[in-house]
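Quick notes on the structure that follows.
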Amino acid sequence: VGVDAVVNMSQMTVSQMSIQNTTSSGQQRQHWLSEQALAWSGLPVVTIRPTMFLESFFALAAPTVRNRDRIVVPFGRGKTSPVAAADVARVVAAVLADPGPHLGGIYELTGPRSQDMHGVAREFSDALNREVTYSDIPAEDWERELKELGLPEHLTRHLVTMGELHRAGRYDRLADGVERVTGRPAISVREFVSLHADEFGGRRS
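Take the sequence shown: its letters are residues -7 to 197, numbered as in the numbering used here.
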């Protein structure tokens, strides 16, 4: 029995990488290498490249939003367009249900807007009916805080790199992969936070 399709869950940052130009994140480098290996393999591959997941805010923002109504990450003025895991799952399910039309395809997945963290904070504010603001933090301070949390070194390095790439504008991307594959647009930051309001301290009445 042959393989109908291999769906490779990669990352959007891979689209900006080459053998001469990778990143300091081991995870991102491994995603790039995996794409190359699968391309050489001759297997029927569909590549999924999501940007940062909205669920990352559970770890990166929820504690400070709950306690201080503030998002504190080292993204500077960089823009971002995070996507929900549920939207990524819908894309993968659609591909697996009928892989033929998608073979050889590369789908980049983002949310519906690319905006800086002040814009993200405004969407949090709208969803929670209270003012949430964004505070930038020096990368070295954030790295120290991550290490104090006891995170594995590779994850700390990945998150620090993600901050660096945000500051450099590398996450300022907008793609229609979710809607193109599923027929439904990706959910926004506001919709996501509304669905998970309790994680962020609840909606003020």
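Ideal Cβ placement from N, Cα and C applies to all residues, glycine included.
Item	Value
Given proline 104, which residues of its chain have a CB within under 7 angstroms of its CB, disregarding the five upstream and five downstream residues?	Pro177, Ala178 and Ser180
Does the beta-carbon distance from aspartate 164 to lysine 71 come in below 7 angstroms?	yes
Which complete alpha helix (DSSP H) runs does the region 150 to 187 hold, if anything under 4 residues is left out?	169 to 174 and 181 to 187
Any contact of the region 148 to 164 with the region 53 to 63, i.e. 3+ C-beta pairs under 8 angstroms?	no
Keeping to the same chain, check which residues put their C-beta closer than 8 angstroms to that of alanine 78; ignore five residues upstream and five downstream.	Ile179
Which partner residues does valine 64 have in the DSSP bridge list?	Ser127
Between alanine 85 and the rest of its own chain, which residues show a CB-CB distance below 6 angstroms, the 5 nearest in sequence each way excluded?	none
Under 7 angstroms, do valine 170 and valine 83 count as touching if we go by C-beta distance?	yes
Between which two residues does the alpha helix (DSSP H) containing leucine 88 stretch?	77 to 89
Is the CB-CB distance between arginine 62 and aspartate 118 below 7 angstroms?	no
Check for me: the beta strand (DSSP E) holding arginine 41 runs from which residue to which?	37 to 42
I need the straight-line Cα distance from alanine 51 to leucine 138, nearest angstrom please.	11 angstroms
For alanine 189, tell me which candidate among Arg122, Trp134 and Asp133 has the shortest Cα-Cα distance.	Arg122
With a threshold of 6 angstroms on Cβ separation, who are the neighbours of phenylalanine 116 within its own chain once the five nearest residues in sequence on each side are excluded?	Val124 and Val185
Are proline -4 and proline 66 closer than 7 angstroms when you measure CB to CB?	In the sequence under discussion, the amino acid at residue -4 is aspartate, which differs from the proline named in the question. Not closer than 7 angstroms, so no.
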